[in-house]
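Residue numbers (the numbering used here), protein chains in the order written: chain A, -10 to 230; chain B, 22 to 199.
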């Protein structure tokens, strides 16, 4: 049985169309709208107005963004160029320079086989199947001396991030490597999965979420089973700038 | 003129050039809205990238209806998600299906709306209607949060937002018929 129609429901349908209704209240309104033309019309009208409000805030994004998106979704040479207006805008300094797309193939091989890492801070890669595999990558710095390990953090288009490390030492029994996310706002390390390197010292860990600028990804050595807070200094730190 | 059925077809065909055209048409909407909500250029870029790359990876996310209204909601939700997560991490943008089904949007309405006219109509509202709409939409607040923020009764805020929306709509109808 659906909620009966009244002025309050009409009001809510209108607010829902603009996205102003808390999630927990949406289901009953949606159910009601299935059988109420008036509320459905109010919802549609508000949604259209919402799009109008959104358009009122429209602003041309930096040209580098288009390049980043298109390189992530398609082979570089098959995509139509940006407009002249976009090309006239300055690109962001950290963006991969034009003409080095060939490096992506090299980076792909590196990421696939995990032998060594590049200093390239931004990559856009394509899997053989045509699906996006990696949007960007950031090299990690080794904070311990001497330290033979290195790592990259890779943001994938699937909404996950991967930390891929090489040269990791084998740990004694009862110890394990653990990844950490350190948000730029709270600076409080958040625990991510633990992992063990293979016989060659290659380690890999994947965690959900995409990057936020200024975030740090770190690796520490923790007691087996992992920790809720780091118990040792990080040996690898990547700044996702 | 938006051709939403063509957008749907090009998304499903995974044609990179068609996708580039979609980006060229809607990136300013996504980026501008994200920037307005986040007040941060870099985060707005990140949100925009996530949405378009996610759309390419999941072309079935858009199931028809009004693409502009749909992607505006995606952009708003993704931006709010960043704000509310205190930038801990940005989740994969959620692509709502309910805008297309079961509630179909009136595609004609949006096509006829001019963004400047909407902005003008919003600006022309009395403050008691304009302010709650602006802070709700561009700061990502629910009507309950708006009531808390403004220290007004819930019913009052709901009524004022609704009245403001109706006034904008009437203004747009008047502009179209004149």
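For glycine and all other residues, C-beta sits at the position ideal for the given N, C-alpha and C.
If you're wondering where the values come from, they're calculated on a predicted model, not measured in any experiment.
For the 7 Å CB-CB criterion, residue 170/A and residue 160/A do not form a contact.
DSSP places residue 141/A in the strand class (E or B) of the three-state scheme. Contact check for residue 164/A and residue 212/A: beta-carbon distance about 7 Å, within the 8 Å limit, so the pair qualifies. Per DSSP, reduced to three states, the secondary structure at residue 179/B is helical. When DSSP reads this structure, residue 209/A sits in a beta bridge with 167/A. Between residue 46/A and residue 162/B, the C-beta spacing is not below 7 Å. Under the 7 Å criterion on CB atoms, residue 221/A is classed as non-interfacial with respect to chain B. With distances taken between CA atoms, residue 6/A lies nearest to 22/A out of -7/A, -6/A, 22/A and 209/A.
Ranked by Cα distance from residue 95/B, the options 49/A, 8/A and 12/A are led by 8/A. About 11 Å separates the beta carbon of residue 154/A from that of residue 206/A, a gap too long to meet the 8 Å contact definition. The alpha helix (DSSP H) runs of length 4 or more contained entirely in the segment 83 to 108 of chain B are, from start to end of the chain, 88 to 105.
At least one CB of chain B lies nearer than 7 Å to the CB of residue 59/A.
Residue contact check for residue 17/A against chain B: no CB pair falls below 7 Å. Residue 221/A and residue 141/B have their C-alpha atoms roughly 57 Å apart. Judged by pairs of C-beta atoms under 8 Å, the segment 60 to 74 of chain B touches the segment 50 to 58 of chain A, as three or more such pairs exist. Between residue 186/B and residue 38/A, the C-beta spacing is below 7 Å.
Distance from the CA of residue 50/B to the CA of residue 40/B, rounded to the nearest whole angstrom, comes to 15 Å. In this structure, the CA atom of residue 175/B is about 8 Å from the CA atom of residue 169/B. Closest in alpha carbon position to residue 193/A, among 138/A, 203/A, 17/A and -8/A, is 138/A. For the segment 18 to 49 of chain A, the beta-carbon criterion of a distance under 7 Å to any beta-carbon of chain B is satisfied by 19, 22, 23, 29, 32, 33, 34, 35, 36, 37, 38, 39, 40, 41, 42, 43, 44, 45, 46, 47, 48 and 49. By the C-beta density criterion, residue 230/A is exposed, having fewer than 16 other C-beta atoms within 10 angstroms. According to DSSP, residue pairing for residue 155/A in a beta bridge involves 139/A. Identification of chain A residues near residue 177/B by a Cβ-Cβ cut-off of 8 Å yields none; the smallest Cβ-Cβ distance measures about 11 Å.
Taking 7 Å as the cut-off, the beta carbon of residue 139/B is found closer than this to the beta carbon of residue 42/A.
Contact residues of the segment 70 to 90 of chain B toward chain A are 70, 71, 73, 74, 75, 77, 78, 87, 89 and 90 (C-beta to C-beta distance below 8 Å).
Interface residue (Cβ-Cβ distance to chain A less than 7 Å): residue 139/B is classified as such. Annotated three-state conformation of residue 220/A is coil, per DSSP.
Looking at 101/B, 43/B and 100/B, the one whose alpha-carbon comes closest to that of residue 80/B is 43/B.
Taking CB atoms only, residue 206/A has no neighbour in chain B less than 7 Å away. The beta carbon of residue 167/B lies closer than 7 Å to those of 153, 156, 157 and 178 in the same chain, with the five residues before and after it left out. Proximity of residue 170/B to chain A, defined by a Cβ-Cβ separation below 7 Å, is not satisfied. If you draw a straight line from the Cα of residue 92/B to the Cα of residue 27/A, it is about 24 Å long. Using a Cβ distance threshold of 7 Å, residue 36/A and residue 2/A do not count as a contacting pair.
Chain A places a beta carbon closer than 7 Å to that of residue 66/B, counting this residue as a contact. Across the segment -1 to 10 of chain A, CB contacts with chain B closer than 7 Å involve 0, 3, 4, 7, 8, 9 and 10, in sequence order along the chain.
Nearest C-alpha to residue 60/B among 144/B, 100/B, 164/B and 182/B: 100/B.
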